[in-house]
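2 protein chains.
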Amino acid sequence: MQRQWVVARRPSGRPLEDGDFELVEAPVRAPREGEVRLTTLYLGFDPAQKSWMENLATYVAPVEIGGVMPGLGVGVVAESRAPAFVAGDIVWGMIGWEEQPTVPAAEVWKLPPEVPASAALSIFGATGRTAYLSLMKVGKPVAGDTLVISGAAGATGSLVGQIGKIAGCRVIGIAGGPEKCAFLTDQLGFDAAIDYKNEKVRTRLRELAPGGIDIFFDNVGGDILNTALAQLALKARVVICGAISRYNFDPRSPEMPEGPRNYFNVVFSGATIQGFLMPQYESDYPEADRRLVGWLRAGRLILGEDVQVGFENAPSTLRRLFEGRNIGKQLLKVA
Amino acid sequence: MQRQWVVARRPSGRPLEDGDFELVEAPVRAPREGEVRLTTLYLGFDPAQKSWMENLATYVAPVEIGGVMPGLGVGVVAESRAPAFVAGDIVWGMIGWEEQPTVPAAEVWKLPPEVPASAALSIFGATGRTAYLSLMKVGKPVAGDTLVISGAAGATGSLVGQIGKIAGCRVIGIAGGPEKCAFLTDQLGFDAAIDYKNEKVRTRLRELAPGGIDIFFDNVGGDILNTALAQLALKARVVICGAISRYNFDPRSPEMPEGPRNYFNVVFSGATIQGFLMPQYESDYPEADRRLVGWLRAGRLILGEDVQVGFENAPSTLRRLFEGRNIGKQLLKVA
């Protein structure tokens, strides 16, 4: 027997609760031809997982009540009936919240040399590809651009800022609290950080980006997005990647943060607001992976990791994202 | 002597009022070398003129209190000291609210053959170029696209819809009242119209665009924009051209329509919201002019015109735009 977390309820329009998940025991299943059985090492967490539970994102298979909670993870192959894998291989993929998942070999990938197990979930899958592709293909950085990132100390934001530095941008991160801000400037090499909990974002942006924002990379929504929209440079690109301020509310609820009143500034600045929809860039995944691995090996990317421990803590670890508690990638060490 | 309307007050954050303008007498000035003196035939009106008075748009020269109200118009050359013009030529340009303006010859343009005087203000200048360039360069229509236009019975919207038809789109207009809607479908050849004053926009859009909106062309903002954002097709383009619902309010006023809560749908649909800033497309003006004149001559464009009469009525004619009273281009016949 092994343990699984299954989805018990949809957290639609409200914060996640303990009762949304149920910890169950299930038999370990021997792999059939073309499958591998894994021992899960790490689970990786992303705010999008809540929207999957709500069936909001049409590009992800619907999550069934009673089904194993989907999620990316890293495992070690315990038993293989696929020619490409042998026991001991370290792989990543959508393995779900399960201690010993048995999955199709075609849906997991071996880690390249010199990529640590925990790093895989920052570099591959949603986080790294999102950071690279949304910045490069939607933000379209030009050396000398001023790049401002909200939610900058999160997994995606912290990578976006570092990639922006490699691309020659001046990088300003917005994050909550002095610890996160120090992480951005002292460890990741951001040019500046704004602590939205203790500083006036509007004023600080005016000081730090007097020529306006060329690229605004938004993970937050709400007031911060609205404030940034008032300070766009000519032909600015606004990348909508996430909106952590919105995920706990129903769109029709009065508590849902207001939409950005300053959206009309896109006319005065000829600016673009574009949503990043991952599957549109599938053909570019190899480019993203190759460059990120190259930069990681060259020591040009620092991966912030917030590692919680113990399979039983998966739901509370997911909730940390919505409480703004993680610095860097939120991980759970399972084995 | 002749008459001018000068700007008396800035209408910032509120509707236009009578006292915002002052009718004054001024001497007729003989042209110097390189200038022409005109007799104004028509003035053309655009909601952007209010934002010019508020000095909101950084791409237009600041409007001075006590200065002649700027605006596009058509005149006949009364006296020329420029080699390119002779008395009797019909020209258009930024001639301002003045009965007999004397202007640099380099700032007015002769009407091509077969373009009636009143049509110049729909085809050239802000209206026609905005319609053509914002649809073609920002909306990027592909034959078969579903194009939805708000403020569709206005000067720009009614042209955008007709250009969209030429480009092979299915065109749905949103306008206020049965008269405007009949104008769109019966006279301009739109495929469908939604009367937002008497119909439920959300429901009608679902019926008329079951596959989602490929291009949403927005002149309105507010609830209509928000509703459209919930019904975007994959890779939709949202062109922000105007926001007539906003122009009477201060951005910080509680009466200002809320920002679009549904903006985050751009992530689920990988969509783009882009502002149309005319001066960015200056190199494309000849293309726009040439095609519009060609389509006009070929009988493929119908120009709706709302013609008021009498120079003294210029301020009240401008206000008609904000009251939603015009169908097609708002003009004032001066002489």
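Quick note, the sequences are listed as chains G and S, same order. Just so we're aligned: 1155 in our numbering is position 248 of the first sequence, and the numbers increase by one with no gaps anywhere. Just so we're aligned: 1064 in our numbering is position 157 of the second sequence, and the numbers increase by one with no gaps anywhere. Ideal placement from N, C-alpha and C gives every residue a C-beta, glycine not left out.
Segment limits, alpha helix (DSSP H) that includes S/GLY1035:
It spans 1032-1040 - the alpha helix (DSSP H) in which S/GLY1035 sits, taken as one unbroken run.
Extent of the continuous beta strand (DSSP E) to which S/LEU1054 belongs:
Under the DSSP assignment, S/LEU1054 falls in the beta strand (DSSP E) whose first and last residues are 1053-1057.
Assuming G/LEU945 and G/VAL993 are in contact, meaning their beta carbons sit under 8 angstroms apart, how far apart are those beta carbons, in whole angstroms?
With a contact defined as Cβ atoms closer than 8 angstroms, G/LEU945 and G/VAL993 miss out at about 13 angstroms.
Note down, in chain order, every chain S residue with its Cβ under 8 angstroms from the Cβ of G/ASN1133.
Simply GLY1166.
Looking at chain S, which residues of the region 1173-1200 of chain G have a Cβ within less than 7 angstroms of any of its Cβ atoms?
Per Cβ criterion, the list reads VAL1173, VAL1174, PHE1175, SER1176, GLY1177, ALA1178, THR1179, ILE1180, GLN1181, GLY1182, PHE1183, LEU1184, GLN1187.
Taking C-beta to C-beta, are G/GLY1128 and G/SER1152 nearer than 9 angstroms?
Against a cut-off of 9 angstroms, the Cβ pair of G/SER1152 and G/GLY1128 comes out as a contact.
As assigned by DSSP and simplified to three states, the class of S/VAL1067:
DSSP places S/VAL1067 in the helix class (H, G or I) of the three-state scheme.
CA-to-CA distance, S/GLY1058 to S/ARG1109, given in whole angstroms:
In this model, S/ARG1109 and S/GLY1058 are separated by some 16 angstroms (Cα to Cα).
So with CB distances below 8 angstroms, who are the chain S contacts of G/TYR1039?
Simply none; closest approach about 16 angstroms.
In chain order, what residues of the same chain lie with their CB nearer than 8 angstroms to the CB of G/PRO915, ignoring the 5 residues before and after it?
At residue 915 of chain G the sequence reads Ala, which differs from the Pro that was named. Once the five neighbours on either side are set aside, the close Cβ partners of G/ALA915 are GLY926, ASP927, PHE928, GLU929, ILE972, GLY973.
Of the residues G/CYS1076, G/TRP912, G/ASN962, the one placed nearest S/PHE1175, counting alpha carbons only:
Of G/CYS1076, G/TRP912, G/ASN962, the residue nearest in Cα terms is G/ASN962.
Report the partner residues of S/GLU1212 according to the DSSP bridge assignment.
Answer by DSSP bridge pairing, in chain order: S/LYS1236.
Starting from G/GLN1138, trace the beta strand (DSSP E) in both directions and tell me its first and last residue.
Careful: G/GLN1138 lies outside any beta strand (DSSP E) and carries neither H nor E.
Please list the terminal residues of the continuous alpha helix (DSSP H) segment that includes G/GLN956.
Its alpha helix (DSSP H) spans residues 955-960.
Do the region 1023-1034 of chain S and the region 1190-1210 of chain S make contact, defined as three or more Cβ pairs closer than 8 angstroms?
Segments in contact, yes.
Alpha helix (DSSP H) containing G/GLY1201: first to last residue?
First-last of the alpha helix (DSSP H) with G/GLY1201: 1192-1204.
Which of the three DSSP states, helix, strand or coil, is assigned to S/LYS1107?
Coil, per DSSP.
Candidates G/LEU1066, G/ILE1002, G/VAL1200, G/ASP1102, of which the one nearest G/GLY1096 by Cα
Closest option to G/GLY1096, Cα to Cα, is G/LEU1066.
In angstroms, rounded to a whole number, what distance separates the CA positions of S/GLN1094 and G/GLU924?
Computed Cα separation, rounded: 57 angstroms.
Does S/PHE1123 get closer than 9 angstroms to chain G when you measure Cβ to Cβ?
Not one chain G Cβ lies under 9 angstroms of S/PHE1123.
Starting from the beta carbon of S/THR1153, find every residue of chain G whose beta carbon is closer than 7 angstroms, and list them in chain order.
Checking the displayed sequence, the identity of residue 1153 of chain S turns out to be Arg instead of Thr. Going along chain G in sequence order, the residues near S/ARG1153 (Cβ under 7 angstroms) are PHE1171.
Please work out which residues of its chain come closer than 6 angstroms, Cβ to Cβ, to G/GLU1021, disregarding the five sequence neighbours upstream and downstream, and give them in chain order.
Within the same chain, ARG1204 come within 6 angstroms of G/GLU1021 by CB-CB distance, once the 5 residues on both sides are set aside.
From what residue to what residue does the beta strand (DSSP E) around S/VAL931 run?
928-933 is the span of the beta strand (DSSP E), which, as asked, contains S/VAL931.
Exposed or buried, S/ASN1105, counting other C-beta atoms within 10 Å across all chains shown (16 or more means buried)?
S/ASN1105 is classed as exposed because its beta carbon has fewer than 16 other beta carbons within 10 Å across all chains shown.
Verify whether the separation of the beta carbon atoms of S/TRP999 and S/VAL975 is less than 9 angstroms.
When the beta-carbon positions are compared, S/TRP999 and S/VAL975 stay at least 9 angstroms from each other.
Rounded to the nearest angstrom, how far is the Cβ of G/GLY1166 from that of S/ARG1168, given a contact under 8 angstroms?
Here G/GLY1166 really is in contact with S/ARG1168; their C-beta atoms are around 4 angstroms apart, less than 8 angstroms.
Contacts that G/ILE1147 makes with chain S (C-beta to C-beta distance below 8 angstroms)
Under the 8 angstroms cutoff, chain S gives TYR1170, PHE1171, VAL1173, VAL1174.
Cα-Cα separation between G/GLN956 and S/GLY1231, rounded to whole angstroms:
If you take the alpha carbons of G/GLN956 and S/GLY1231, they lie about 45 angstroms apart.
Return the chain-ordered list of same chain residues with a C-beta closer than 6 angstroms to the C-beta of S/VAL1078, the five sequence neighbours on each side being excluded.
Here S/VAL1078 has LEU1054, GLY1068, GLY1071, LYS1072, PHE1097, ASP1098 as same chain residues with Cβ atoms under 6 angstroms from its own Cβ, once five neighbours each way along the sequence are excluded.
Euclidean distance between Cα positions of G/ARG917 and S/ILE1120
Our two residues, G/ARG917 and S/ILE1120, have alpha carbons roughly 29 angstroms apart in a direct line.
Can you tell me whether G/ALA1074 is buried or exposed? The criterion is at least 16 other CB atoms within 10 Å of its CB, across all chains shown.
Classification of G/ALA1074: buried, given that the 10 Å Cβ count is 16 or more.
Using a Cβ cut-off of 8 angstroms, pull out every chain S residue sitting near G/MET1163, in sequence order please.
Neighbours of G/MET1163 on chain S, chain order: ARG1168.
For S/ASP1157, does the three-state DSSP call read helix, strand or coil?
When secondary structure is reduced to three states using DSSP, S/ASP1157 falls in the coil class, being assigned neither helix nor strand.
For G/ALA1150, return the contacting residues in chain S, with the cut-off set at a CB-CB distance below 7 angstroms.
Those within 7 angstroms of G/ALA1150 in chain S are PHE1171.
Just tell me which of G/GLY941, G/LEU950, G/GLN911 has its CA closest to the CA of G/GLU932.
Nearest C-alpha to G/GLU932: G/GLN911.
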